Structures are given as structure tokens and as C-alpha cells.
Amino acid sequence: MNPVSSITTDYLVVGSGAMGMAFADVLVNETGATVTLVDKHDRPGGHWNDAYPYVRLHQPSAFYGVNSRRLGNNAKDKRGGNKGLFELASGTEVCTYFDQVMQRGLLASGRVQYFPMSEYLGENCFRSLVTGARTQVEVAHKTVNATYMNVQVPSVRGPLYNVDPAVSCVPLNELPRTPAPSDGYVVIGAGKTGIDACLWLLRHGVAPGRIRWVMPRDSWYLNRKHIQPGIEFIEHTLGGQVANMEAVVKASSLTQLFDLLIETGQLLRLSADHRPTMYRCATVTEPELEELRKIDQVIRMGRVKSVGATQIELEGGTIPTNHNTLHVDCSADGLANRPAVPVFNGNTITLQSIRTCQQVFSAAMLAHIEHSYDSDEQKNALAAPVPHPNTDVDWLRTTLISTLNGLSWAQQPKLQTWLGQSRLNFGSHFAPKNAKEQKNSGALVQQLAKRSGELTLPGITKLEGLLALAE
Ligand SMILES: Cc1cc2nc3c(=O)[nH]c(=O)nc-3n(C[C@H](O)[C@H](O)[C@H](O)COP(=O)(O)OP(=O)(O)OC[C@H]3O[C@@H](n4cnc5c(N)ncnc54)[C@H](O)[C@@H]3O)c2cc1C
Numbered sequence: 004m005n006p007v008s009s010i011t012t013d014y015l016v017v018g019s020g021a022m023g024m025a026f027a028d029v030l031v032n033e034t035g036a037t038v039t040l041v042d043k044h045d046r047p048g049g050h051w052n053d054a055y056p057y058v059r060l061h062q063p064s065a066f067y068g069v070n071s072r073r074l075g076n077n078a079k080d081k082r083g084g085n086k087g088l089f090e091l092a093s094g095t096e097v098c099t100y101f102d103q104v105m106q107r108g109l110l111a112s113g114r115v116q117y118f119p120m121s122e123y124l125g126e127n128c129f130r131s132l133v134t135g136a137r138t139q140v141e142v143a144h145k146t147v148n149a150t151y152m153n154v155q156v157p158s159v160r161g162p163l164y165n166v167d168p169a170v171s172c173v174p175l176n177e178l179p180r181t182p183a184p185s186d187g188y189v190v191i192g193a194g195k196t197g198i199d200a201c202l203w204l205l206r207h208g209v210a211p212g213r214i215r216w217v218m219p220r221d222s223w224y225l226n227r228k229h230i231q232p233g234i235e236f237i238e239h240t241l242g243g244q245v246a247n248m249e250a251v252v253k254a255s256s257l258t259q260l261f262d263l264l265i266e267t268g269q270l271l272r273l274s275a276d277h278r279p280t281m282y283r284c285a286t287v288t289e290p291e292l293e294e295l296r297k298i299d300q301v302i303r304m305g306r307v308k309s310v311g312a313t314q315i316e317l318e319g320g321t322i323p324t325n326h327n328t329l330h331v332d333c334s335a336d337g338l339a340n341r342p343a344v345p346v347f348n349g350n351t352i353t354l355q356s357i358r359t360c361q362q363v364f365s366a367a368m369l370a371h372i373e374h375s376y377d378s379d380e381q382k383n384a385l386a387a388p389v390p391h392p393n394t395d396v397d398w399l400r401t402t403l404i405s406t407l408n409g410l411s412w413a414q415q416p417k418l419q420t421w422l423g424q425s426r427l428n429f430g431s432h433f434a435p436k437n438a439k440e441q442k443n444s445g446a447l448v449q450q451l452a453k454r455s456g457e458l459t460l461p462g463i464t465k466l467e468g469l470l471a472l473a474e
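If you're matching positions, the sequence shown starts at 4 in this note's numbering and goes up one per residue.
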């Protein structure tokens, strides 16, 4: 066995994915602490390093990344499915960004040590994947687990169904590298990666009739128009949040609630004939949805069990296939529904979302809470984990926990100041930035904020009631 060397640090952060980076960035910029980051990857950014070449953020760049450094140019797209909305960084941009954060921000501070290509073994010990050398870390404050969310992408996890070796079946990463045109395509998976694979094929001129889309469950989609940082979208964003809560307060069942959320344009779905049961925070725009609706061969026969030379076996029956068909695997569970555990627990911090589907914001805020409060009890009271949603009922659960967290933050003036200044906090982008914006939208912002405040308590009560009915 290789000899063990030893180093010291205040915080040991295991994982330099987006969450580990966002956490370390706040610690380094807001405190004098030393931080050590360890990761199996050769570069920071975690799963973005393994993502498909045509991946883009699903949300505007304006509030993704780390708090201290802007991502992108705050420009609006002039063409494509995201036309008129704020830019979405590509996977390459995201990786370059995290590399710059590491090199020019964290390492340049002189208080950060970074060990890429290193596997954490537990007990504050890690091993180089290149030399096998082990390092023992003396941790003065805490060990931070930034791997708990267990993100999986298809390129690093093969399909869970059997595939006949003679059949062409590739992860969606391989689509741009497919050697020859195929007679037909079967996209397996209806989450965000399945959407991206279908849109890629359509964008490259594949006729919709040549695509079959295996959709074990229909999904509710978030309308990206309602997740925009510019004040000009205020009616959709802050107005959308108010509309959500108005719908909650009005609804007497989950079905009625989702009908209202469709009416207000908050949620979208592929087909009015198939009521979704899945909700995983996937975002689309209305033009993207129009494109997807051109695919009329949507296979709703459950999950794929095997892909054979002549047929695909699904839970609900079989469909034909052949060797001229390319099967595109989009079935990895990108964001697993991990059980909630206390974030702050003695010498350990387990990073989790504390606002629905806002992992980087959550990691940054947890770092701020960590150094701003004394006891684990105080900290955990501000940081109830919001597990990643999976079903429509989870919409209620995640909205409830996020709202309760927001209510506890509202009672802490020093957190309010931080939230108002944090670029990762979506809400910070609502504030008018100049006199003109103030004149045009100031009154509306105030009116919506007031209405939002009025709806919070009745909304919480109703969410609890609807959840009790649905469970
Ligand atoms: C296609 C796609 C698009 C997305 N778009 C958005 C978006 O627009 N907005 C958004 O908020 N979220 C988005 N997400 C969610 C995204 O997962 C999070 O934003 C974020 O990237 C998650 O980062 P993470 O640090 O939790 O996980 P990861 O990126 O998985 O990082 C964890 C790191 O831990 C390392 N690690 C694990 N085990 C060990 C070990 N034993 N030793 C050492 N290192 C270890 C891994 O190598 C990895 O680098 C998207 C996800 C996907 C899959």
C-alpha cells in the first residue's frame, strides 16, 4: 500500500460538482476559512464533464454557477426554441466557467487546495486515482458531502434493460457521432434528456414520422418563460408565483390544482389526452413543445425491458424494431429522489436542495448559513431539505417545504440582505435595477410582492391539506 501523507484544512469538500463549487465559493468569499476539494473527475463541474455535447442549462445562466462570478452575458437568444428568453449556457461553457472559478477564484485565493482525480474513501482520507497515493486530511471544522445528490447521466451508466449486441443502442451523447443515417430512431426515456434527444433529431432534419418516443410516464413541464431573470418578465415570474399560490388556495383536489396551473400557463404537458403523473422540474418553452408534438408515435407502454433484433419488449407489450433503427438511451435517472437527511450534523454537512430544483443556490445558501449561525439546531431550522421531485404529488411536497423554508428566511433580516444580493437567488433578479425600470415596473413588483405575502399562510395550510388528501 502507498504511504499516507497528511494535510490540514478547515473544510473538506468531497465533490467539486456544481454544488461543491457553489458551497466552497461562498466560504472562501465570505470567511477566512481554508478549503480542500477532492473529486474523482479531472476538472471541476461534476456531471457536466460527462454530459452530451449538445446539453444546455435548463434554466437561464443568469442564476446558475457560483455566487461570486457571472455566467454568460445576460443576453437573450435571438433564434431557436429559446428565442426571446435569456441565454442557456452550453455544457462546454459550464465546464469552462467552473474551471475559471477554480483557477482564478478559489485557487487564486491561496486558501484552497484542490485534488482532482482523487477518490474519497471515507474517514477524511482520499486516494489518487493516478498514483494510488493516500492522503489523510486533518479537518479543523467540517467535512462536506457534495456527492449526496447522486447525479447520473446516460454516458456513465448503461441502460438498465437488456440490449441484443447486434442492435444499435447508444447513449444520447453518441447521437452527433452516429456514422450513418438510420431508417428510424427510438428515443427511450421521457425526461429532460429524452426531450433534448428528440429536439436534436428534429433540429437536424429528421422527419418526425421516423422518430418513436418511448414514454413510460407523461411529464408535467415547467414553462421556461416563467423562469426568467429580467424585470420585463415580472408578470410571468413573480406573477407566476402568485398565480401558483392563488391556484393552490382555490383548488380542492390535486387534479383541480393541476388544471388551474395549466390554465395560468405555469405548467405545460405534451398532450391534453394524457394526464401526466411525472414531475421532475423539466423545463421547456412553448415553441419547443410545439416541435415535440410533431412526434406522433409516442409509445406509452411502460418501461423498456429489452431491445432485441426484431422487437422491443416493454412492460405493456412489444413493438417492432430492426437493425436499421438507432435506439437512443435516455433512461438514466439524472436526479435521484434521495431521502432527506439533516444537512448539518455535527462535523458533517450533507448538501441537498433547500429550494425546489435549485441545487446551486441551495449549496451557496447552506455555506452562508453555516458560517452565520452557531448551532446545528438553528441551521437545520433554516434548511429543511427539499428532495428532488418525481411525481405530481411531489409538486405539493416540494412547494410546501420550499415555502416553509422561505418563511423562516423571511424572519431573518441578515439572510434577507444576503438573498437580495445573491445572483443565484432567482428572486434577486426581480428588483428594478434603474430609475426607468422602477418607474415602469416598481408598482407592479410591490403589488405582486404584497399579494405573495398575503397568500403565503393560506397557501401553506392548503398545501398541507392537499398533500394529506393525496398521500
Ligand atoms: C442534463 C442536465 C441538465 C441540468 N440543468 C440544470 C439547470 O439548468 N439548472 C439547475 O439548477 N440544475 C440543472 N441540472 C441539475 C444538476 O444536476 C445540478 O445543477 C448540479 O450540476 C448538480 O451538481 P452536484 O454537485 O450535486 O453533482 P455532480 O455534478 O454529480 O458532482 C458530484 C461530484 O462528486 C464527485 N464524487 C462522487 N463520489 C466521489 C468520491 N467518492 N470521491 C471523490 N469524488 C466523488 C463526482 O466525481 C462529481 O464530480 C441539470 C442536470 C442534468 C443531468
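Positions of the beta carbon are idealized from the N, C-alpha and C atoms, including for glycine. Computed from a predicted structure; not experimentally measured.
- If you check the C-beta of Gln362 against ligand 1, you find a heavy atom less than 7 Å away.
- Under DSSP, no beta-bridge partner is assigned to Glu238.
- Taking 7 Å as the cut-off, the C-beta of Gly84 does not count as close to any heavy atom of ligand 1.
- By the C-beta criterion, the segment 193-203 is judged not to be in contact with the segment 226-244, since fewer than 3 inter-stretch pairs fall below 8 Å.
- Taken atom to atom, the span from the alpha-carbon of Thr459 to that of Lys417 is near 21 Å.
- For Arg206, the enclosing alpha helix (DSSP H) covers residues 195-206.
- CA-to-CA, the gap between Leu88 and Glu141 works out to about 47 Å.
- If you check the C-beta of Met368 against ligand 1, you find no heavy atom less than 7 Å away.
- A straight line joining the alpha-carbon of Asp377 with that of Gly349 spans about 11 Å.
- In the three-state reduction of the DSSP assignment, Gly305 falls in the coil class.
- As summarised for the segment 283-370, the continuous alpha helix (DSSP H) elements at least 4 residues long and confined to that stretch are 289-295, given in chain order.
- When distances are taken from the beta-carbon of Met248 to the heavy atoms of ligand 1, even the shortest one reaches 7 Å or more.
- As the crow flies, the alpha-carbon of Gly49 is around 43 Å from that of Lys442.
- Judged by DSSP secondary structure, Ala143 falls within the beta strand (DSSP E) whose first and last residues are 137-148.
- For Phe26, no beta strand (DSSP E) encloses it; the enclosing alpha helix (DSSP H) starts and ends at 21-33.
- Contact check for Ala250 against Leu264 passes: the beta carbons are separated by less than 8 Å.
- With contacts defined as CB atoms closer than 8 Å, Val41 and Phe129 qualify as a contacting pair.
- Burial check for Ala335: the Cβ neighbour count within 10 Å reaches 16 or more, so the residue is buried.
- Between Ile463 and Trp398, the alpha-carbon positions lie close to 13 Å from each other.
- By the Cβ criterion, the segment 367-376 is not in contact with the segment 442-452, since fewer than three pairs of Cβ atoms, one from each stretch, lie closer than 8 Å.
- The straight-line gap separating the alpha-carbon atoms of Gln450 and Glu440 is approximately 15 Å.
- Under the three-pair Cβ rule at 8 Å, the segment 207-217 does not count as touching the segment 354-366.
- His277 is classed as exposed because its beta carbon has fewer than 16 other beta carbons within 10 Å across all chains shown.
- When distances are taken from the beta-carbon of Met281 to the heavy atoms of ligand 1, even the shortest one reaches 7 Å or more.
- Cβ-Cβ distances below 8 Å link Arg341 to Tyr151, Met152, Asn153, Gln355, Pro390, His391 in the same chain, with the five nearest sequence neighbours on each side left out; the list follows chain order.
- Distances between the C-beta of Met152 and the heavy atoms of ligand 1 include at least one below 7 Å.
- Taking every protein chain shown into account, the CB of Ser455 has 16 or more other CB atoms within 10 angstroms, so this residue is buried.
- Runs of beta strand (DSSP E) with 3 or more residues, each lying fully within the segment 29-108, are found at 38-41, listed in chain order.
- Here Val7 is exposed: its Cβ has fewer than 16 other Cβ atoms, across all protein chains shown, within 10 Å.
- Closest in C-alpha terms to His229, from the list Leu271, Ile191, Pro162, Arg220, comes Leu271.
- In the structure shown, the three-state DSSP call for Gln449 is helix.
- By the Cβ test, the segment 131-147 is not in contact with the segment 48-65, since fewer than three Cβ pairs between them sit closer than 8 Å.
- Counting C-beta atoms within 10 angstroms of its own C-beta, Lys453 has fewer than 16 neighbours from the protein chains shown and is therefore classed as exposed.
- Secondary structure at Gln116: strand, using DSSP grouped into helix, strand and coil.
- In the three-state DSSP reduction, Ile230 falls in the coil class, being neither helix nor strand.
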